[in-house]
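Here the protein sequences line up with chains D and Z, keeping their order. When the letters of the first sequence are read in order and numbered with the working numbering, they come out as residues 1 to 410. When the letters of the second sequence are read in order and numbered with the working numbering, they come out as residues 411 to 820. Before any comments, here is the structure.
Protein chains: 2
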Amino acid sequence: MPFIVSKTATNRRNEPIDMNGDHVYRASTTAPVNIAVIKYWGKRDPRLNLPTNSSLSVTLSQSDLRTHTTASCSPSFSPPDTLLLNAQPQPLSDARSQACLTSLRALRSALESTDPSLPPLSSYPLRLSSANNFPTAAGLASSAAGFAALVRAIADLYQLPQSPTELSLIARQGSGSACRSLLGGYVAWDQGTLLDGTDSKARLVAPRSHWPEMRALILVVSAEKKGVSSTTGMQTTVQTSPMFQTRATQVVPRAMREMETAIAGKDFPGFAKITMRESNSFHATCLDTDPPIFYLNDVSRAAIKGVEAVNEKAGRIAAAYTFDAGPNCVVYYLEEDGDVVAGAFKTVLGEKEGWTGEQGKAVKGAEGVLQGKVMETLRDGVSRVILTSVGEGPISVGDHLIDEKGEVVV
Amino acid sequence: MPFIVSKTATNRRNEPIDMNGDHVYRASTTAPVNIAVIKYWGKRDPRLNLPTNSSLSVTLSQSDLRTHTTASCSPSFSPPDTLLLNAQPQPLSDARSQACLTSLRALRSALESTDPSLPPLSSYPLRLSSANNFPTAAGLASSAAGFAALVRAIADLYQLPQSPTELSLIARQGSGSACRSLLGGYVAWDQGTLLDGTDSKARLVAPRSHWPEMRALILVVSAEKKGVSSTTGMQTTVQTSPMFQTRATQVVPRAMREMETAIAGKDFPGFAKITMRESNSFHATCLDTDPPIFYLNDVSRAAIKGVEAVNEKAGRIAAAYTFDAGPNCVVYYLEEDGDVVAGAFKTVLGEKEGWTGEQGKAVKGAEGVLQGKVMETLRDGVSRVILTSVGEGPISVGDHLIDEKGEVVV
């Protein structure tokens with residue numbers, strides 16, 4: 001009879017009791033989305049997901065955006081390993097997923113070989129189940145949270161002693177930016193120089209508690225399907241953009257230094273300037289790619305004009321825009337500027353979904369900041385907003401998506 | 411009594427008969443628009459309009475796009491010098507216009523001092539009148555044709571012996587790209603290295619007759635007012651874009667060499683590839699500017715997708731897009747591909763103004779090449795088309811916009 005493994009949010013480690021051979025071992029975690037302010041674009045090693053430049057992101061609150069994953073294993077499970085996302089079967093046989101599973105199993109196997117009393121979990125088939133608390137259709141990069149949750153959940157299941165930074169080496173092989181979702185707050189991914197990638201990992205620049213006032217307003221843009229996947233796109237950029245090398249070797253290293261200084265000093269204007277320039281630099285190299293890659297559309301441009309209008313109205317830099325490989329705009333601002341920044345957008349987009357939460361309700365509208373064509377384009381093109389803030393790294397939870405019998409809970 | 415100076419298209423020189431002191435001397439010319447395939451963006455000397463990189467353009471046919479200018483002078487005219495464009499007074503006191511007028515007068519004055527029998531035209535007030543045969547609202551860069559026509563007309567009025575390349579040094583000071591409109595066919599503007607700019611001038615790469623099959627389809631996009639003037643924009647790019655230097659010092663010099671080879675060999679795929687990459691490189695540095703400059707909009711992007719669809723359908727590179735500092739798309743193609751390229755756009759845009767001329771009527775539609783969102787966006791966003799081709803340099807004409815009494819003909 002399988003044993004119910006219960007976990008609490010404060011107890012990261014799975015502690016199964018090995019009663020008999022068909023026990024189901026479980027561990028669950030939630031992991032955050034991160035939005036880079038210095039962008040990852042270009043791989044020096046596509047197999048190992050080693051980047052051509054370092055990057056830096058803000059981890060966002062899991063209250064608003066998170067992947068919840070339960071990892072389970074049991075001698076009673078039939079191979080192969082399986083993964084469900086929102087109850088739909090997902091491939092696990094791809095090289096990226098396999099790289100993660102193989103690495104995690106190897107770490108567990110090493111533990112088992114030093115302590116023969118440990119149950120041989122590394123030999124059991126894995127059953128994984130994940131769910132996102134945000135709409136997949138929103139076009140938010142979910143692979144970062146997804147792979148971070150997968151790696152963290154299995155590491156907890158296997159009771160691995162590795163640190164989040166060490167685990168980031170594994171998550172990186174699943175999805176590059178996933179390595180940054182193993183940590184909360186302000187997180188760098190140092191590109192590293194070693195051929196085997198063992199120095200290409202996440203590093204805590206500052207915890208959430210250092211600068212907890214950071215807020216993010218995400219303008220979700222109703223986009224057509226994404227034209228170019230980021231994996232394909234970034235390699236085409238590396239191969240064809242003559243200006244890309246300048247970005248990778250000169251622009252980003254300088255931006256990394258300046259951004260770490262800005263975060264250390266809680267210098268929002270500095271943070272904002274680098275963030276906006278970085279986003280533009282990244283999208284410029286996309287445009288310099290052959291054939292050109294466009295992620296920004298007219299709605300994205302209206303969002304940029306909107307942020308510029310907010311800053312002009314404020315007479316200082318109160319807001320920063322950034323765009324990943326898609327048209328959604330992420331606007332960073334400080335809590336104290338909620339009305340000045342989010343308020344300007346609320347006045348125009350107040351009818352859209354996303355303002356009913358605590359953070360959204362607290363925002364007081366700011367009339368007349370966004371006007372004319374910018375206002376119209378945003379109203380026509382933004383489908384919903386998400387209000388969130390800087391948040392913590394993965395959190396171990398007792399709420400399992402797989403029950404004690406190994407069945408997926410829908 | 412003023413004397414009517416009649417001129418023919420084959421007789422460039424003004425030959426006034428000096429009957430008495432109130433003669434009106436006149437010369438008229440038309441000058442072409444040129445559309446760069448290697449873009450001018452950035453000045454190393456803003457006053458002298460010396461560029462940070464060389465550029466190269468195709469001169470377009472004056473049957474479709476031209477500025478017509480009459481230059482006149484007379485001792486009977488009252489100062490100051492005047493200019494009318496489409497019968498509306500235009501400023502002539504600006505530094506750029508004055509640089510042109512001063513240089514041309516100096517050349518005339520030098521002639522007069524070597525031959526005292528010449529009438530002292532350099533001392534007479536100038537009366538200039540210009541008209542464009544294309545709508546100003548079309549957002550087509552008219553300053554190139556405008557300054558080329560102004561310089562050519564006054565040079566003819568003054569019977570200056572200078573070559574078009576020598577005159578291009580003067581036109582350059584009016585508007586950088588105007589220097590290329592002094593010549594027909596395929597024209598380079600060599601950036602030069604001298605501080606005084608005397609080696610920064612137009613050069614004939616190949617006459618129209620070398621490759622007369624080049625055609626251009628201009629998709630005129632209904633744009634909001636231009637956000638950033640090119641003069642302001644290019645200087646902001648030079649000052650703020652970290653990737654701009656790479657473009658100016660590495661990307662463009664290579665593109666110039668390759669483009670001259672492609673033109674010499676009448677290699678359209680080569681010409682097209684460089685043209686598209688160059689346009690994207692230029693707009694990438696605009697995006698890399700702080701604050702970012704956007705000239706391309708969703709309609710421009712649909713035009714790019716349209717050209718990509720045409721080339722995919724053809725299974726070869728039959729069309730090339732390029733964009734100046736605005737959303738209009740210029741599509742280059744060869745005469746033999748009229749149906750393949752212009753036909754694909756005619757099927758979608760056949761109801762728009764611009765297809766009723768000889769070239770447009772000859773185009774046979776190509777069904778189904780442009781589809782879905784691209785088709786819809788082009789239909790919604792393109793206001794008219796212009797069909798044209800590679801053309802000749804300025805042409806001296808006998809049709810004057812100022813009558814024998816010095817009155818402007820409306």
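Heads up, the beta-carbon is just placed ideally off N, CA and C, and yes, glycines get one too.
The C-beta of asparagine 542 (chain Z) has 16 or more other C-beta atoms within 10 Å across all chains shown, which makes the residue buried.
When Cβ-Cβ separations below 8 Å define contact, methionine 785 (chain Z) makes no contact with chain D. Distance from the CA atom of leucine 579 (chain Z) to the CA atom of glutamate 768 (chain Z), rounded to whole angstroms, is 36 Å. Rounded to whole angstroms, proline 442 (chain Z) and alanine 598 (chain Z) show a C-alpha spacing of 15 Å. Proline 652 (chain Z) has a beta carbon lying within less than 8 Å of a beta carbon in chain D. Beta-bridge partners assigned by DSSP to aspartate 380 (chain D): none are found.
With respect to serine 181 (chain D), asparagine 53 (chain D) sits apart: the two C-beta atoms are not nearer than 8 Å. Among the residues of chain D, those whose CB is under 7 Å from the CB of phenylalanine 704 (chain Z) are Arg301, following chain order. Taking all protein chains in view, the Cβ of threonine 246 (chain D) is crowded by 16 or more other Cβ atoms within 10 Å, so the residue is classified as buried. When DSSP states are grouped into helix, strand and coil, aspartate 22 (chain D) belongs to the coil group.
Below the 8 Å Cβ cutoff, chain D contributes Pro242 and Met243 as neighbours of arginine 657 (chain Z), in chain order. Restricting attention to beta strand (DSSP E) runs no shorter than 3 residues, the stretch 498-562 of chain Z encloses them at 498-500 and 536-542, ordered along the chain.
Assignment of beta-bridge partners to aspartate 190 (chain D) by DSSP yields D:Lys201. The Cβ of isoleucine 304 (chain D) sits closer than 8 Å to at least one Cβ of chain Z. Here alanine 554 (chain Z) is not near threonine 480 (chain Z), since their CB atoms are 8 Å or more apart.
Under the three-state reduction of DSSP, methionine 375 (chain D) is assigned to helix.
At a cut-off of 8 Å between beta carbons, proline 701 (chain Z) contacts chain D.
Three or more pairs of CB atoms, one per stretch, sit closer than 8 Å, so the stretch 616-627 of chain Z contacts the stretch 790-800 of chain Z.
Those residues of the stretch 355-386 of chain D placed with their C-beta closer than 7 Å to a C-beta in chain Z are Lys373, ordered along the chain.
Under the rule that a run must span 3 or more residues, the beta strand (DSSP E) segments found entirely inside the stretch 324-377 of chain D read 329-334.
Nearest CB-CB separation between aspartate 749 (chain Z) and chain D: not below the 8 Å threshold. In this chain, cysteine 179 (chain D) is not harboured by any beta strand (DSSP E), its DSSP state being neither H nor E. Between serine 539 (chain Z) and leucine 811 (chain Z), the CB-CB gap stays under 8 Å. Within its own chain, the residues whose Cβ lies closer than 6 Å to the Cβ of glycine 197 (chain D), once the five positions on either side in sequence are excluded, are Leu48 and Leu50, listed in chain order. Our two residues, valine 363 (chain D) and alanine 342 (chain D), have alpha carbons roughly 7 Å apart in a direct line.
A buried status is given to serine 465 (chain Z), since no fewer than 16 other beta-carbon atoms sit within 10 Å of its beta-carbon. The beta carbon of aspartate 455 (chain Z) does not come within 8 Å of any beta carbon belonging to chain D, so the residue lies off that interface. In the DSSP assignment, threonine 236 (chain D) falls within the alpha helix (DSSP H) that extends over 230-240.
Within chain D, no C-beta atom comes nearer than 8 Å to that of threonine 524 (chain Z); the closest sits roughly 51 Å away.
Contact annotation: lysine 762 (chain Z) and valine 792 (chain Z) have beta-carbon atoms nearer than 8 Å. Listed along the chain, the chain D residues whose CB falls inside 7 Å of the CB of asparagine 690 (chain Z) are Leu287, Asp288 and Pro292.
The stretch 446-454 of chain Z makes contact with the stretch 670-689 of chain Z: 3 or more CB pairs, one atom from each, lie closer than 8 Å. Residue pairing by DSSP puts histidine 478 (chain Z) in a beta bridge opposite Z:Thr440 and Z:Ala541. A Cβ of chain D is located within less than 8 Å of the beta carbon of arginine 687 (chain Z). Taking 4 residues as the minimum length, the alpha helix (DSSP H) runs contained wholly in the stretch 260-330 of chain D are 268-287 and 298-314, in order along the chain.
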